[in-house]
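First up is the structure itself, then whatever we jot down about it.
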Amino acid sequence: MNVVVFGASGYVGGRLIPVLLKRGHRVRAITRSAASLDNHPWRADVEVVTADLFEPASLTRALDGMDVAYYLVHSMEQSDFADLDRKAAQALADAAATAGLNRIVYLGGLGQGSLSEHLESRQEVGRILASGSVPVTEFRAAVVIGSGSLSFEMTRYLTEVLPVMIAPKWVTTQCQPIAIRDVLTYLASCLDEPATLGRVLEIGGPDTVSYEDMIQRYAKVAGLRRRWLIRVPLLSLGLSARWVGAVTPLSSQIAVHLVESLQHEVIVHDHSAETLMPFERIGYDEAVRLALENTRGASVPTRWARGSWQPAEPMPSDPEHAFGAIMRDVRTIRCAAPPADVAAAFMRIGGSNGYYAANWAWRIRGALDTLVGGVGLRRGRRHPTELSVGEPLDFWRVVAVEPGVALELKAEMKLPGEAWLGWRVREIDGGTELTQTAWFVPRGLLGRAYWYSLVPFHGLIFPRMAQGIIRAADATNTPCALTS
Numbered sequence: 001m002n003v004v005v006f007g008a009s010g011y012v013g014g015r016l017i018p019v020l021l022k023r024g025h026r027v028r029a030i031t032r033s034a035a036s037l038d039n040h041p042w043r044a045d046v047e048v049v050t051a052d053l054f055e056p057a058s059l060t061r062a063l064d065g066m067d068v069a070y071y072l073v074h075s076m077e078q079s080d081f082a083d084l085d086r087k088a089a090q091a092l093a094d095a096a097a098t099a100g101l102n103r104i105v106y107l108g109g110l111g112q113g114s115l116s117e118h119l120e121s122r123q124e125v126g127r128i129l130a131s132g133s134v135p136v137t138e139f140r141a142a143v144v145i146g147s148g149s150l151s152f153e154m155t156r157y158l159t160e161v162l163p164v165m166i167a168p169k170w171v172t173t174q175c176q177p178i179a180i181r182d183v184l185t186y187l188a189s190c191l192d193e194p195a196t197l198g199r200v201l202e203i204g205g206p207d208t209v210s211y212e213d214m215i216q217r218y219a220k221v222a223g224l225r226r227r228w229l230i231r232v233p234l235l236s237l238g239l240s241a242r243w244v245g246a247v248t249p250l251s252s253q254i255a256v257h258l259v260e261s262l263q264h265e266v267i268v269h270d271h272s273a274e275t276l277m278p279f280e281r282i283g284y285d286e287a288v289r290l291a292l293e294n295t296r297g298a299s300v301p302t303r304w305a306r307g308s309w310q311p312a313e314p315m316p317s318d319p320e321h322a323f324g325a326i327m328r329d330v331r332t333i334r335c336a337a338p339p340a341d342v343a344a345a346f347m348r349i350g351g352s353n354g355y356y357a358a359n360w361a362w363r364i365r366g367a368l369d370t371l372v373g374g375v376g377l378r379r380g381r382r383h384p385t386e387l388s389v390g391e392p393l394d395f396w397r398v399v400a401v402e403p404g405v406a407l408e409l410k411a412e413m414k415l416p417g418e419a420w421l422g423w424r425v426r427e428i429d430g431g432t433e434l435t436q437t438a439w440f441v442p443r444g445l446l447g448r449a450y451w452y453s454l455v456p457f458h459g460l461i462f463p464r465m466a467q468g469i470i471r472a473a474d475a476t477n478t479p480c481a482l483t484s
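Residue numbering for the sequence shown follows full-length UniProt numbering, beginning at 1 and increasing consecutively.
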């Protein structure tokens, strides 16, 4: 069939596409940024179309000539996610009817009765899609277990970082986790089963467990000691969310909605999917083992966060990403110099050119790295003005280059975590806006202590670095705005 996948750069979409290709379907991958798909091994085998669900013309182009649309889009990172998802679903339903599609396949969430805002939104999207003239196959799943999945990363960090944890009452809630490969099997198999057309199908793995069971069983599979959970029934939703956000990769925005959803039982009541598409499903322990195997082997094809150039989002070119709580230092500065000149300035960073600010501090950091067995600043840079992906630059490695637009470096110094430094320019009225971002993914409590101990130094060095780049771009123009 001619299949179009919305959310191709996302966690499920990026893994579903090779499954569809293997089954002989012709795939069109939809994304808002074509570059986000460049490093996928299946990139050359699909048609990539950039489109926006809120732009009717691009949506029409995305659906032209297609038989089936997979809708794997979610906006939980936004404060108004429910409204955004509602409008996007209606736009797709209308456009699919106009294009004459045969089916829409949607992955939503399990749950019955009065639900959290997140779960209710997931099911509302399914109802909106089904209200159109195109038949919908809606799958409802609970916790998805796989390397890089949001649920797996949350469980992993809670378990590995905290041997003893204060546990709110939601840890006793029952759920039915499902392995990502089983989700993909269901999503792809429905195209071969006419009886799945126009159905809501609940899917889950063979095990029904509590969230406490998931933590303890994860610890056992991972070779960790048993975790001690001290239940505190009065722990509020807000405190639970802050606790989850501080220890796991989830932002506070996502943590609030997710923790609220964890209070609801999410298990399969209707087993029609198992009857219509029978296969041997993977149990929770085996799903965790496979996910850990891929994570430790740096074989994580997609991750839960949305596609972007920042390391906080999924980057298949950087599979060793640790996915911890993301620490950031962001500086935005505007100037009259052209974007190309500003980009040329940050492309010259490092080596004998230095870092545009406090070079003495960078030399001390390099010397300390050398003392503990790191690469230090000894490697310099290959060329004074040119950089390419994969080459070393002092104690960094170039991981992304967009000529005239952006540069991203990943630290190879000895650190209690993972670090990146990047720049991006965009044209504005009267000049250029430069965004400089430092990211750090801490490893355990030591990593968090390391980051916060450096915050005062960041406040001194990073603004000066951004200003130095602008001065190097055009000495005759002074920056007109700088924010942190």
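Ideal Cβ positions, reconstructed from N, Cα and C, are used throughout, including at glycine.
Nothing here was measured: the structure is a model prediction, and the numbers come from that model.
According to DSSP, Tyr-71 shares a beta bridge with Phe-6 and Tyr-106. In the structure shown, Leu-201 adopts extended strand secondary structure according to DSSP, grouped into three states. If you compare the alpha carbons of Glu-153, Lys-22 and Leu-197 with that of Val-105, the shortest gap goes to Leu-197. At the C-beta level, Val-425 and Val-405 come within 8 Å of one another.
Scanning its chain for C-beta atoms nearer than 6 Å, with the 5 sequence neighbours on each side dropped, one finds around Gly-380 the residues Gly-351, in chain order. Taken atom to atom, the span from the alpha-carbon of Tyr-157 to that of Arg-227 is near 12 Å. Using a 10 angstroms sphere on the CB of Val-372, the tally of other CB atoms stays under 16, which defines it as exposed.
Gly-146 is not bridged by DSSP to any residue. The beta carbons of His-118 and Leu-16 sit no closer together than 8 Å. Cα atoms of Gly-459 and Asp-329: separation of roughly 9 Å, rounded to the nearest angstrom.
Annotation for Met-465: the continuous alpha helix (DSSP H) segment containing it runs 444-473. CA-to-CA, the gap between Thr-208 and Arg-199 works out to about 23 Å. For Asp-394, the three-state secondary structure derived from DSSP is coil. Rounded to the nearest angstrom, the gap between the Cα atoms of Arg-23 and Ala-344 is 46 Å.
Less than 8 Å divides the Cβ of Leu-110 from the Cβ of Ala-141. Take the alpha-carbon of Leu-292 and the one of Ser-147: they are about 7 Å apart.
When the beta-carbon positions are compared, Thr-332 and Thr-432 stay at least 8 Å from each other. Out of Pro-456, Ala-62 and Ala-44, the CA that lies nearest to the CA of Arg-32 is found in Ala-62. Minimum Cα-Cα distance from Ser-151 among the listed residues Ala-44, Ala-89, Val-12 and Asp-270 corresponds to Val-12. Under the DSSP assignment, Phe-139 falls in the beta strand (DSSP E) whose first and last residues are 136-141.
Residue pairing for Val-330: DSSP places it in a beta bridge opposite Thr-437. Rounded to the nearest whole angstrom, the CA to CA distance from Ala-93 to Phe-54 is 12 Å. A distance below 7 Å between beta-carbons, with the five flanking residues on each side excluded, links Gly-468 to the following residues of its chain, in chain order: Tyr-356 and Ala-357. Gly-10 and Arg-127 have their C-alpha atoms roughly 22 Å apart.
The bridge partners DSSP lists for Ser-210 are Gln-174.
Contact fails between the stretch 39-51 and the stretch 80-100, because fewer than three Cβ pairs, one in each stretch, are under 8 Å apart.
Residue Tyr-284 holds the alpha-carbon nearest to the alpha-carbon of Val-221 among Pro-206, Tyr-284, Val-4 and His-271. Non-local C-beta neighbours of Gly-374 in its own chain, meaning closer than 7 Å and more than five positions away in sequence, comprise Phe-395, Met-413 and Lys-414, ordered along the chain.
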